[in-house]
Amino acid sequence: MPRSLTGLDVDDVAAALTAFVNTTIMARRRPMAADDEFETAGVDSMGLLKVLLFIEAEFGFWMPDEDLAEENIRSPRALATYIRRRLGDT
Numbered sequence: 358m359p360r361s362l363t364g365l366d367v368d369d370v371a372a373a374l375t376a377f378v379n380t381t382i383m384a385r386r387r388p389m390a391a392d393d394e395f396e397t398a399g400v401d402s403m404g405l406l407k408v409l410l411f412i413e414a415e416f417g418f419w420m421p422d423e424d425l426a427e428e429n430i431r432s433p434r435a436l437a438t439y440i441r442r443r444l445g446d447t
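According to my numbering, the sequence shown is numbered sequentially starting from 358.
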């Protein structure tokens, strides 16, 4: 069952996303921080898809295609900010 986003702030969500990326995608590379850009860190489109699937599995939240814009998916913190904003909790 997905974890609730209620009570989680942008930093909490960004930390969860960063931890997922570092353990699942970046396991053999330099770890990334919440403000590091996915592209610069070497996360490709398949890695980003894994992040989006993690968000759905972990939090029950799915990004509509029209929201897959650079400013929303640039970094773990950008994704977390988008999620909180979308839920009306910024």
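For every residue, glycine included, the Cβ atom is placed at its ideal position computed from N, Cα and C.
Quick one: using the 10 Å Cβ neighbour count with 16 as the cut-off for buried, is T375 buried or exposed?
Burial call: buried.
Skipping 5 residues on each side, what residues in its chain have a beta carbon closer than 8 Å to that of L436?
So the qualifying residues of the chain are V370, A371, L374, V408, I412, N429 and I430.
DSSP state of T375 mapped onto helix, strand, coil:
Residue state, collapsed to three classes: helix.
Whole-angstrom C-beta distance between V367 and R441, which should lie under 8 Å:
Between R441 and V367, the beta carbon gap of about 5 Å places them in contact (Cβ cut-off 8 Å).
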